[in-house]
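Visitor: Just passing along the structure, written as C-alpha cells.
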Amino acid sequence: HLWWVIGYAAGLMGIAVLVFTRKMNSDNP
Numbered sequence: 001h002l003w004w005v006i007g008y009a010a011g012l013m014g015i016a017v018l019v020f021t022r023k024m025n026s027d028n029p
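The numbers in the numbering used here rise by one with no breaks, and the one at position 18 of the sequence shown is 18.
Now the structure itself:
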C-alpha cells in the first residue's frame with residue numbers, strides 16, 4: 001500500500017508549494 005503514501009506526500013507538497021507561492025507573492029507585490 002504505497003500508493004496512498006505517494007498521494008499523501010503529493011498533497012502535502014502541493015499545499016506547501018501553494019503556501020510558499022502565496023507568501024512570495026505577498027512579500028513581493
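Glycine residues also receive a C-beta, built at the ideal position from the N, C-alpha and C atoms.
Since we're looking at a predicted model, the values are computed, not measured.
From LEU2 to ILE15, what does the alpha carbon distance come to, in whole angstroms?
Guide: As a first step, residue 2 is located in the sequence shown; it is residue number 2 there, counting from the start. As a first step, residue 15 is located in the sequence shown; it is residue number 15 there, counting from the start. About 20 Å.
Visitor: DSSP three-state label for LEU18, please.
Guide: Your numbering for residue 18 matches position 18 in the sequence shown. In the structure shown, LEU18 sits in a helix (DSSP, three-state: H, G or I).
Visitor: Suppose you measure from the CA of ALA10 to the CA of ASP27; what does that come to, to the nearest Å?
Guide: Walking along the sequence shown from the start, residue 10 turns up at place 10. Walking along the sequence shown from the start, residue 27 turns up at place 27. Straight-line Cα distance between these residues: approximately 25 Å.
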